[in-house]
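Here the numbering used here runs 3 ahead of the position in the sequence shown, where the first position is 1. For each residue, glycine too, the CB sits at the ideal point set by N, CA and C. All remarks here apply to the structure that follows.
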Amino acid sequence: MHQRILMRAKKGPFDVYSPEEAFEGNWIGENNGNLVFSHAAHKILRTSTAEITSTGFKVDLRDADRINEQYDVYVIPLANAFRRSYAHRIEAMTKLVERLKIPVVVLGVGVQTNVAGDREYLRPIDDVVSRFVRAVLNRSHSIGVRGEITEGYLRTLGFSAVDVIGCPSMFLHGDTLGVEKGKTALEPHDRVALTVSPYVKSMGKIIAGHQQRYPNLRYLPQDLKTLGTLLYGDAPEDRGKTGSIPIHTSHPLFTEDKVRMFLDPWTWMDYLAGFDFAFGTRIHGTITALIAGTPGFLFAHDSRTLELARYFDIPHRVMKDVPADVDAADLYEEADYTALNNGHKARYATMLSFLTKHDLGNSFADGDSAGRFDAQVRATAFPPAVRPAAATSTEELLARVQWLHDRNGELRRDLETMEEQRLRARVRRAVREPVRRILNR
Numbered sequence: 004m005h006q007r008i009l010m011r012a013k014k015g016p017f018d019v020y021s022p023e024e025a026f027e028g029n030w031i032g033e034n035n036g037n038l039v040f041s042h043a044a045h046k047i048l049r050t051s052t053a054e055i056t057s058t059g060f061k062v063d064l065r066d067a068d069r070i071n072e073q074y075d076v077y078v079i080p081l082a083n084a085f086r087r088s089y090a091h092r093i094e095a096m097t098k099l100v101e102r103l104k105i106p107v108v109v110l111g112v113g114v115q116t117n118v119a120g121d122r123e124y125l126r127p128i129d130d131v132v133s134r135f136v137r138a139v140l141n142r143s144h145s146i147g148v149r150g151e152i153t154e155g156y157l158r159t160l161g162f163s164a165v166d167v168i169g170c171p172s173m174f175l176h177g178d179t180l181g182v183e184k185g186k187t188a189l190e191p192h193d194r195v196a197l198t199v200s201p202y203v204k205s206m207g208k209i210i211a212g213h214q215q216r217y218p219n220l221r222y223l224p225q226d227l228k229t230l231g232t233l234l235y236g237d238a239p240e241d242r243g244k245t246g247s248i249p250i251h252t253s254h255p256l257f258t259e260d261k262v263r264m265f266l267d268p269w270t271w272m273d274y275l276a277g278f279d280f281a282f283g284t285r286i287h288g289t290i291t292a293l294i295a296g297t298p299g300f301l302f303a304h305d306s307r308t309l310e311l312a313r314y315f316d317i318p319h320r321v322m323k324d325v326p327a328d329v330d331a332a333d334l335y336e337e338a339d340y341t342a343l344n345n346g347h348k349a350r351y352a353t354m355l356s357f358l359t360k361h362d363l364g365n366s367f368a369d370g371d372s373a374g375r376f377d378a379q380v381r382a383t384a385f386p387p388a389v390r391p392a393a394a395t396s397t398e399e400l401l402a403r404v405q406w407l408h409d410r411n412g413e414l415r416r417d418l419e420t421m422e423e424q425r426l427r428a429r430v431r432r433a434v435r436e437p438v439r440r441i442l443n444r
């Protein structure tokens with residue numbers, strides 16, 4: 004039976020955008036970690052009988068009738084959507100879901116508060132979250148959440164149909180996961196990948212220490228603003244600024260060409276597969292390393308990162324317990340991947356049970372569907388990592404300037420067309436008004 008799936012995703016897994024296009028159109032959805040779990044969900048659900056369409060994050064109530072007519076199910080992979088700053092988007096999503104007559108499946112959602120799971124901090128969004136969950140459960144058997152903190156929160160709101168399923172990103176390879184240390188100890192010349200959430204300021208001294216100790220350290224940013232900084236330099240409000248967090252072109256990681264940002268999960272994983280260790284505050288930076296087979300270590304700084312680390316047995320420390328002089332070599336020695344590897348098949352079975360309950364297929368149990376997906380990935384030419392402008396070739400910089408020039412011309416023509424249309428509308432109104440007055444006499 005053919006199944007038409009509408010999936011909330013910024014872009015499809017084989018959509019290719021240049022760095023300039025990705026920045027202008029925000030095709031990473033603010034954070035390229037979003038692509039890791041949405042593309043994994045796409046792979047898992049892409050059976051031979053499934054047709055998947057990405058929403059581009061578009062939420063328009065006027066689309067409700069069309070969605071009901073053209074699709075069989077609306078699948079919503081989410082990140083830390085239950086947070087204060089996201090409440091207005093949850094409200095918009097809720098209004099759309101309430102107009103849908105097809106099943107709606109939430110494939111992993113998390114709450115965001117502190118690592119202690121502060122319930123009082125979430126009070127202002129209780130009603131918003133309750134309305135969303137109620138709308139989903141009216142069209143679904145249960146709601147899939149990322150971990151026990153989110154499950155506990157929803158139960159305090161009165162919901163019992165809650166399944167802890169983790170995040171689709173960890174199941175990119177189905178029930179297969181094998182993370183092993185490639186050496187007995189991490190040494191200064193080894194390749195170390197670093198992830199940083201720019202708002203976690205306590206990472207500043209940790210970054211400086213590792214930059215000095217590990218010459219082959221590379222910083223892999225994930226946010227849209229840093230992509231713009233790599234492409235075009237500091238934003239006007241940031242020019243001339245310095246700081247310990249790598250968000251300005253003056254930071255040593257930029258000046259020493261140690262920054263790499265990826266626009267697609269596939270090139271990101273390929274790059275990380277060549278590293279000895281990855282650590283930092285980004286949950287999907289850590290997960291991308293793990294599914295690439297590279298040992299990863301997470302600094303959990305809030306509930307969303309902590310509950311995923313706990314659920315998947317990802318080696319981690321709570322950020323407040325990480326000293327400024329911590330050494331990646333000690334983290335590497337401390338990390339134990341036994342529980343992560345041994346528990347993976349059971350967690351995968353939990354995810355499959357959730358999919359089955361909601362009448363969704365699974366590409367890994369559908370002949371060579373998963374293999375065909377991987378083959379299409381290999382056959383697609385994705386752009387390489389974006390590097391600091393100072394380390395970018397003259398040819399690339401010239402192409403970037405030409406792209407900006409051409410895009411500026413397009414925007415100017417669009418503006419002229421809009422002005423012309425407005426002028427014509429004003430003329431039509433000016434002509435109609437006297438006629439209307441005459442006819443109304």
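Here's the rule: buried if 16 or more other CB atoms are within 10 angstroms of the residue's CB, otherwise exposed. What is residue i?
| i | result |
| --- | --- |
| residue 4 | exposed |
| residue 51 | exposed |
| residue 421 | exposed |
| residue 61 | exposed |
| residue 438 | Its pLDDT being 49, under 50, residue 438 is placed unreliably in this model, and the coordinates cannot settle the point. |
| residue 88 | exposed |
| residue 222 | buried |
| residue 409 | exposed |
| residue 185 | exposed |
| residue 225 | buried |
| residue 366 | buried |
| residue 35 | buried |
| residue 268 | buried |
| residue 192 | exposed |
I think residue i touches residue j, with their Cβ atoms under 8 Å apart; what is that distance to the nearest whole Å?
| i | j | result |
| --- | --- | --- |
| residue 109 | residue 81 | 6 Å |
| residue 311 | residue 286 | 6 Å |
| residue 266 | residue 22 | 6 Å |
| residue 260 | residue 393 | 7 Å |
| residue 448 | residue 29 | No statement about residue 448 is possible, as the shown extent of the chain runs from 4 to 444 and does not include it. |
| residue 57 | residue 10 | 6 Å |
| residue 182 | residue 345 | No, residue 182 and residue 345 are not in contact; Cβ-Cβ is about 11 Å, not under 8 Å. |
| residue 118 | residue 321 | 5 Å |
How about residue i and residue j: do their beta carbons lie closer than 8 Å?
| i | j | result |
| --- | --- | --- |
| residue 162 | residue 354 | no |
| residue 70 | residue 48 | no |
| residue 289 | residue 271 | no |
| residue 78 | residue 44 | yes |
| residue 169 | residue 149 | yes |
| residue 197 | residue 220 | yes |
| residue 159 | residue 305 | no |
| residue 98 | residue 64 | yes |
| residue 300 | residue 195 | no |
| residue 171 | residue 246 | no |
| residue 243 | residue 6 | no |
| residue 361 | residue 143 | yes |
| residue 297 | residue 276 | yes |
Assuming residue i is part of the alpha helix (DSSP H), what are its boundary residues?
| i | result |
| --- | --- |
| residue 260 | Per DSSP, residue 260 belongs to no alpha helix (DSSP H) and is neither H nor E. |
| residue 41 | 36-48 |
| residue 207 | 206-216 |
| residue 351 | 347-360 |
| residue 98 | 90-100 |
| residue 335 | 331-337 |
| residue 72 | 67-73 |
| residue 372 | 372-382 |
What are the partner residues of residue i, as DSSP defines its beta bridges?
| i | result |
| --- | --- |
| residue 319 | 301 |
| residue 147 | 110 and 166 |
| residue 264 | 389 |
| residue 10 | 57 and 78 |
| residue 28 | Per DSSP, none; premise fails for residue 28. |
| residue 283 | 198 and 301 |
| residue 226 | 34 |
| residue 85 | 114 |
| residue 221 | 196 |
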